[in-house]
Every structure is written in C-alpha cells, then in structure tokens.
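Number of protein chains: 2
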Amino acid sequence: MEKNREEQLNEILVLFYFAYRTFTKEPDRILEQHGIQRVHHRILFFIARKPGLSVNELLATLEVSKQALHAPMRQLIEMGYIKSEPAEYDRRVRELRLTEKGEKLEKQLSNVQRKKMDAIFKEAGVKNEEVWKEIMKKIIENE
Amino acid sequence: MEKNREEQLNEILVLFYFAYRTFTKEPDRILEQHGIQRVHHRILFFIARKPGLSVNELLATLEVSKQALHAPMRQLIEMGYIKSEPAEYDRRVRELRLTEKGEKLEKQLSNVQRKKMDAIFKEAGVKNEEVWKEIMKKIIENE
DNA sequence: AATAAACGTCAATATTGTTGACCTATATTG
DNA sequence: CAATATAGGTCAACAATATTGACGTTTATT
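Going down the list, the protein sequences come from chains F and C. Numbering that gives the first Met the number 0 numbers the first residue of the first sequence as 0 and each following residue consecutively. Numbering that gives the first Met the number 0 numbers the first residue of the second sequence as 0 and each following residue consecutively.
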C-alpha cells in the first residue's frame, strides 16, 4: 500500500477508535450514577428495540454467554427495570420487556446518543446521513 | 422527538454498535493466537503512530491508569514487540518504540482494518470518505 | 538541598467474562 | 407415553483487567 494512503487509513482507524469511545462516554457516566455498567445499557437498548425478545435472542445479539448475561439481567430485574415473563406460544421461552422505570432509564441513556447523532446529521444533511449509514453497514456486512 | 426520526436514530445507534464490534473482531482473533488482548493492539497501534512517545502520553491517549497499562506493556517488552528507552532530552522519560517484530505484528493487526476501510472507501469514493471522517470528527469534538 | 516529575511495582479489591456442570420446566418426537 | 431436546437459571472455578493506594528509584527543577 502506498505510504500516504496508509497514513490516511491510520487517521481513519484513530477516528473510529476515539469516536466510539466518546460516543459511549456520557451514557457510561449516567450508568455509573445508577451503579450499573455498559452491558446493562446494551440489554435495555435491545429490549427496547424489540420488546418481548427472548433470552436466547438477546444472547445471540450481544454475543455473550448465558452466564455472562445472567448477572446483569438479574440485577435489572431486581432493580425493576425489566420484566421477564413466559411466552404464550412456548412457556419455556421468557419474553423480556422494559418496565416503565426501565423505559425511562433507557431513554435517558440512549437519548444522549440519539440527540448527538441527530444534531450532527441535521448539520450534515440527509444525504450524508445516508452515506455514513451505508459505510457502517458495509463494515458490518462482510464480517 | 418525532417517532419516526427516533427510529431512524435507533438504527444509527445499532449500526455504530455492530460496526465497531465487527471492526475489532478480526484483530481480536489474531491477538488471541498470540495470547494477548485488545489493549496490546492499542499500545502497538499508538506507538506505531508516534514512535518515541512517552509512557505518560500513552496513558493519556488510552485513558487508563499507570497500573493498568503496566502489565500489558511489560508483556509486550518481554515478548520483544516494543522497547522502552530513556529520552535524551530528559532521562526520566521513557520513549517507546516498536521493534521489528513489533512492527510486523502491528502491521498484521491493523492491516486487517486498513484494508477493510480501504476497500469500502474505494467503492464509496473519496468524497464519501471525507463525509464519514467529518462525521466521526464531530462525534469526538464536543466530548 | 528540597521538591517535583516520570516511571515501575506490589497489594488489595472489584468487575466481568469464560467454561463446565447440573437443575427445572416445557416441547417435541419416535 | 417415553425419550429426548430446548429454554432458561444458577453455582463454581478460574482468568483477565481495571481501580486505588502506597512506596521506591531516578532524574530535573527550583
């Protein structure tokens, strides 16, 4: 690879690293005030995106072991943020949902990120929003 | 916030999460073969970007404690990937540099990411590369 | 000479993740 | 129906990774 191009790509890697770190910083700060961590946010986030999703689906989404999910999930249940109820179609399956309290916290956490992205894309324009999204999709694609 | 807009923003958050995770997956796999972790990659990466940077600079860049950096850094030194030598201008300061072996490993790890981004941007075009970068910069900016 | 800075290191502690093993409840299948 | 599979919960052992606190050495600065 050409030297100059390599340096351009290095800048891109640096940007990706710092952007992601900055992006999670403010939610992390809020989470800390509640005595919980980033995993908890992820759990809340994905339940919010698909109310009623099963434990197995959540495991697959987060790519962690059942045992790793267990502790934070139990905490969230005990703290009254999420509820877990047997599915009607199969009573072995537990459907996960946010409580009102959980919805409130999830909103508080994710709104920081949504607002930030909204402001940036409002300035950048719809077309550039689409560009950014397409690039992120391509990164995910050929996993 | 309008409901539809909120859903668009949710997709953006999802993309960010999965893109970053995918992005680090392949280097993580290589690291594992060497019996080291993502921190080690970060250390190698930032030393490669600025040969001769000091321990303090590295600490500030990675935002970890001196003690947290210590173990992985010592490992890298013992494994012969990096060297740490007193700076001429101030012999208290240690200047960190990659050895040849370290350069090779750093290239192996980061090339996965550089090549991926290069391929994507080759397809997307220079203008869209600039768009993506500008957006990532804005995310970092108002930290 | 006193103080400060850069770095190294040990210790105690907390957190978070992994794998393995095993249990219950419920579905599915031969 | 009996055997088996699936979804989920939980305990235990272990590894890793981070934090804070404390303290030592070397070298600069004041």
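Note that CB positions come from ideal geometry on N, CA and C, so glycine has one too. Note that the structure is predicted; figures quoted are calculated from it, not measured.
May I ask you to check if the CB of F/Lys49 is nearer than 8 Å to at least one heavy atom of the ligand GDP?
-> The ligand content of the structure shown is nil, which means the ligand GDP is not present either.
Give the residues of chain F in contact with C/Leu130, contact being defined as C-beta atoms less than 9 Å apart.
-> The sequence given here has Val at residue 130 of chain C, not Leu. Chain F residues near C/Val130: Ala123, Lys126, Asn127, Val130, Trp131 and Ile134.
Could you tell me the boundaries of the alpha helix (DSSP H) in which C/Ser148 lies?
-> Here chain C has residues from 0 to 142 only, and residue 148 of chain C is not among them.
Cβ of C/Ser109 less than 9 Å from any chain F Cβ?
-> yes
Among residues of its own chain, excluding the 5 on either side of F/Pro50, which ones have a beta-carbon nearer than 6 Å to its beta-carbon?
-> Arg96
Using the C-alpha atoms, what's the distance from C/Thr60 back to F/Lys121?
-> 30 Å
Taking Cβ to Cβ, would you say C/Lys106 is nearer than 9 Å to F/Leu14?
-> no
Is there a Cβ from chain F that is less than 9 Å from the Cβ of C/Asp117?
-> yes
First and last residue of the uninterrupted beta strand (DSSP E) at C/Glu6 | No beta strand (DSSP E) holds C/Glu6; the alpha helix (DSSP H) holding it covers Lys2 to Gln32.
Along chain C, in chain order, which residues have C-beta atoms closer than 8 Å to that of F/Ala70?
-> The contacting residues do not exist; F/Ala70 stays about 21 Å from chain C at best.
Any beta-carbon of chain F closer than 9 Å to the one on C/Asn55?
-> no
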